[in-house]
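K.L.:
To convert, count from 1 in the sequence shown and add 389; that's my numbering.
Don't be surprised by glycine CBs; every beta carbon is placed ideally from N, CA and C.
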Amino acid sequence: MDDLNAWKTLAARHRGITLELAAFIADLRPADVPASTRQVLESAVIDTIGCGLYGLATPWGRIMRDYAHDRGGPAEAGLWGGQARVSVNHAVLAAGTAIHGFDFDDHSRAKIHPGAVVLPVVLALGEREGSSGATALAAMTAGYETMNRVSLGANPSRARMRGWHLTGTTGTLAAAAAASVMLGLDTETTASALGLAGTQSAGLWAFTADGGMSKRLHPGRSAEAGVAAALLAQRGFRGPHYILEAEDGGLLFGMSDDPRPDRVVAGLGEEWHTDATCFKPYACCGSNHACVDAALALKREHGVRGSDIARIVTGIPSVVRTQTGFNYKADSVLNAQMSLRYNVAVALVDGQAYLEQFTQERIVDPEVVDLAMRVDIEIDAEIDQAYPRVYGGKVTLILRDGRTLERRVDYSLGMPENPMPRADIIAKYRSLAHHAVGAEAGDGILLLAAGIFDAPTLAPLGAALAAAEVRDGVAVEEAM
Numbered sequence: 390m391d392d393l394n395a396w397k398t399l400a401a402r403h404r405g406i407t408l409e410l411a412a413f414i415a416d417l418r419p420a421d422v423p424a425s426t427r428q429v430l431e432s433a434v435i436d437t438i439g440c441g442l443y444g445l446a447t448p449w450g451r452i453m454r455d456y457a458h459d460r461g462g463p464a465e466a467g468l469w470g471g472q473a474r475v476s477v478n479h480a481v482l483a484a485g486t487a488i489h490g491f492d493f494d495d496h497s498r499a500k501i502h503p504g505a506v507v508l509p510v511v512l513a514l515g516e517r518e519g520s521s522g523a524t525a526l527a528a529m530t531a532g533y534e535t536m537n538r539v540s541l542g543a544n545p546s547r548a549r550m551r552g553w554h555l556t557g558t559t560g561t562l563a564a565a566a567a568a569s570v571m572l573g574l575d576t577e578t579t580a581s582a583l584g585l586a587g588t589q590s591a592g593l594w595a596f597t598a599d600g601g602m603s604k605r606l607h608p609g610r611s612a613e614a615g616v617a618a619a620l621l622a623q624r625g626f627r628g629p630h631y632i633l634e635a636e637d638g639g640l641l642f643g644m645s646d647d648p649r650p651d652r653v654v655a656g657l658g659e660e661w662h663t664d665a666t667c668f669k670p671y672a673c674c675g676s677n678h679a680c681v682d683a684a685l686a687l688k689r690e691h692g693v694r695g696s697d698i699a700r701i702v703t704g705i706p707s708v709v710r711t712q713t714g715f716n717y718k719a720d721s722v723l724n725a726q727m728s729l730r731y732n733v734a735v736a737l738v739d740g741q742a743y744l745e746q747f748t749q750e751r752i753v754d755p756e757v758v759d760l761a762m763r764v765d766i767e768i769d770a771e772i773d774q775a776y777p778r779v780y781g782g783k784v785t786l787i788l789r790d791g792r793t794l795e796r797r798v799d800y801s802l803g804m805p806e807n808p809m810p811r812a813d814i815i816a817k818y819r820s821l822a823h824h825a826v827g828a829e830a831g832d833g834i835l836l837l838a839a840g841i842f843d844a845p846t847l848a849p850l851g852a853a854l855a856a857a858e859v860r861d862g863v864a865v866e867e868a869m
């Protein structure tokens, strides 16, 4: 949006959306949350904690946990896997980093990972404030709704094309929203919290250039910033009440060249974007899951082996080509998780794209790397036009015997149109938690997590997460 007058007109037309969002957050009560939304969040709690427990075994999870432990602060909340209590700020930083530690956490069409930002805030402040599970339900809803709506307001595809990782940029406001509910802030104070959170927004996509750990940091840092914003606002530190829509320095205009401010408040309190949360069956970038599903279906139905394939053509949206279509370099687990070429190749060779497909040993396997080099990436006009309403992908296999096999997937497993059954989410949790902390600790935490919204207090869950210990010899390694 290069026309300054058009920019100012759009900003003026939507002046007040930050305050309207703040009023929704401040007024939200547990009884307002629809049953369908609660069901999604019940699954999100289980899925997110499982991802966090597994993330404790990653290098970045260990580094951040040790950092939080050493920094300490008042003993307000449990440090996941740290056998200690630390400040809320440090607790959420470490937990958010661990949850996003293997790119297996929930996401949405708004190109965000809400659970890694919101749940740590709810649990840590819940311990500090002595909050109930019902309050946690309202706070999680506020956080998920805020993160989805602000990301949609930025026009996520356009924001992504400017290099932003929206989990970092919009996550600060989601954390502030959840924290505001946990602290019982009124509308004006919540607006200040959103303003202070928005001015701390960050998160850049440069990590794919060299496999840096910064992507793992983004949700933890967002959670930390949002908590600080709400606690400062509670003390009377005033933030800008037009942080989203200010014509000079408004977040939406800074993030995107084509913002959609109306989407922040459209259907507020009636349309629940939380219901569109996606859960991952594969340990890789969610934008690649449609092609992974297509590749797995072709292998399952035709018994295709890597040696049978002369060439692979993927048809994807233009944004996804920018995001994950880079030439595969077997230099880090992160790049393997983001690479469409690797994701499709390993799915065709192994018939899966789970934890075992993203180890340092597997990502350099000659058979998989060779097949990844035979993947061509094209923009499919129809799929591109439908994105991000439809997260579609197409895989075409040109076989050495002359046959051509093709499969298109519009709604991959885990999308709301093709949901993962609760039993599968629990099975995923167990595979992650048992690997990291053992069956006894993992199942004990699961029992507490499954009943969180009916619990009189969040303290037992926080204590169990802090007491969990990564088993000896368990590690998820990374080559840099």
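(1) State the Cα-Cα distance for the pair V708 and D765, rounded to the nearest angstrom.
(2) For N544, count the other beta carbons within 10 Å of its own beta carbon; 16 or more makes it buried, fewer makes it exposed. Which is it?
(3) Tell me, please, whether the stretch 786–793 touches the stretch 660–669 by the rule of three or more beta-carbon pairs shorter than 8 Å.
(4) Could you pull out every unbroken alpha helix (DSSP H) segment of at least 4 residues lying fully inside the stretch 586–630, listed in chain order?
(5) Could you pull out every residue in the same chain whose Cβ sits closer than 7 Å to the Cβ of V917, ignoring the five residues on either side in sequence?
(6) Restricting to Cα atoms, I'd like to know which of W594, L794, A856 is closest to H691.
(7) Taking the runs of the alpha helix (DSSP H) that are 4 residues or longer, which of them lie wholly in the stretch 652–681?
(8) Pick out whichever of A464, S521, T447 has its Cα sitting closest to the Cα of G485.
(9) Where do the N-terminal and C-terminal ends of the alpha helix (DSSP H) with V757 fall, by residue?
(10) Write down the C-beta distance between Y443 and H824 rounded to the nearest angstrom, noting that I regard them as a contact closer than 8 Å.
(11) Figure out for me which residue from Q623, L606, M550, T663 has the closest Cα to the Cα of V570.
(12) Give me the Cβ distance between P859 and G470, rounded to the nearest whole Å; I'm assuming they're in contact under 8 Å.
(13) With DSSP run on the structure shown, which of helix, strand or coil describes I768?
(14) Please classify V653 as buried or exposed, where buried requires at least 16 other C-beta atoms within 10 Å of its C-beta.
(15) Tell me which same chain residues have a C-beta within less than 7 Å of the C-beta of G405, skipping the five on either side of it?
(16) Going by other Cβ atoms of all chains shown within 10 Å of its Cβ, with 16 needed for buried, is A868 buried or exposed?
(17) Under the DSSP definition of a beta bridge, which residues are partnered with I406?
(18) Take L620 as the anchor and find which of L687, A513, C440 has the nearest alpha-carbon.
(19) Which ranges does the alpha helix (DSSP H) cover as unbroken runs of at least 4 residues, wholly within the stretch 681–726, from first to last along the chain?
(20) So what does DSSP say about K500, is it helix, strand or coil?
(21) Starting from the C-beta of T597, find all residues in its chain whose C-beta is less than 7 Å away, skip the five residues before and the five after it, and write them out in chain order.
(22) For A485, which of helix, strand or coil comes out of DSSP?
(23) So, are the CB atoms of G560 and V475 less than 8 Å apart?
(24) Quickly, what does DSSP pair A466 with across the bridge? List them, please.
(25) Helix, strand or coil, according to DSSP, for I814 in the structure here?
(26) Using three-state DSSP, classify E795 as helix, strand or coil.
(27) Quick check: P419 and L526, are their CB atoms within less than 8 Å of each other?
(28) Check whether the Cβ atoms of A838 and I435 sit closer than 8 Å, and answer yes or no.
(29) Can you give the Cα-Cα distance for S497 and N537, rounded to whole angstroms?
(30) Taking the alpha helix (DSSP H) that G833 falls in, what are its first and last residues?
(31) Assuming G560 is part of the alpha helix (DSSP H), what are its boundary residues?
(32) When you compare each of S676, G609, W396 to M804 by their alpha carbons, which one comes out closest?
(33) On the CB-based measure, 16 or more other CB atoms within 10 Å of its CB, does D494 come out buried or exposed?
(34) Which of the three DSSP states is assigned to I752 in this structure?
(35) Assign D637 to one of two classes, buried (16 or more other C-beta atoms within 10 Å of its C-beta) or exposed (fewer than that).
(36) Whole angstroms are fine: how far does the CA of G827 sit from the CA of D646?
P.N.:
Answer, in terms of the structure:
(1) 16 Å
(2) buried
(3) no
(4) 603–623
(5) The requested residue 917 is not part of the displayed model; the chain covers only 390 to 869.
(6) L794
(7) none
(8) T447
(9) 755–761
(10) 6 Å
(11) Q623
(12) Inspection of the sequence shows that residue 859 is occupied by Val rather than by Pro. With a Cβ gap of about 6 Å, V859 and G470 count as contacting.
(13) strand
(14) buried
(15) none
(16) Here A868 scores only 41 on pLDDT, less than 50, and its place in the model should not be relied on; the value that follows carries that caveat. The residue in question, A868, is exposed, as its Cβ has fewer than 16 Cβ neighbours within 10 Å.
(17) In DSSP, I406 forms no bridge with anything.
(18) A513
(19) 707–713
(20) coil
(21) F715, N724, M727
(22) One detail in the question is off: residue 485 reads as Gly in this sequence, not Ala. DSSP places G485 in helix when its eight states are reduced to three.
(23) no
(24) V475
(25) helix
(26) strand
(27) yes
(28) yes
(29) 8 Å
(30) 828–839
(31) 560–572
(32) S676
(33) buried
(34) helix
(35) exposed
(36) 48 Å
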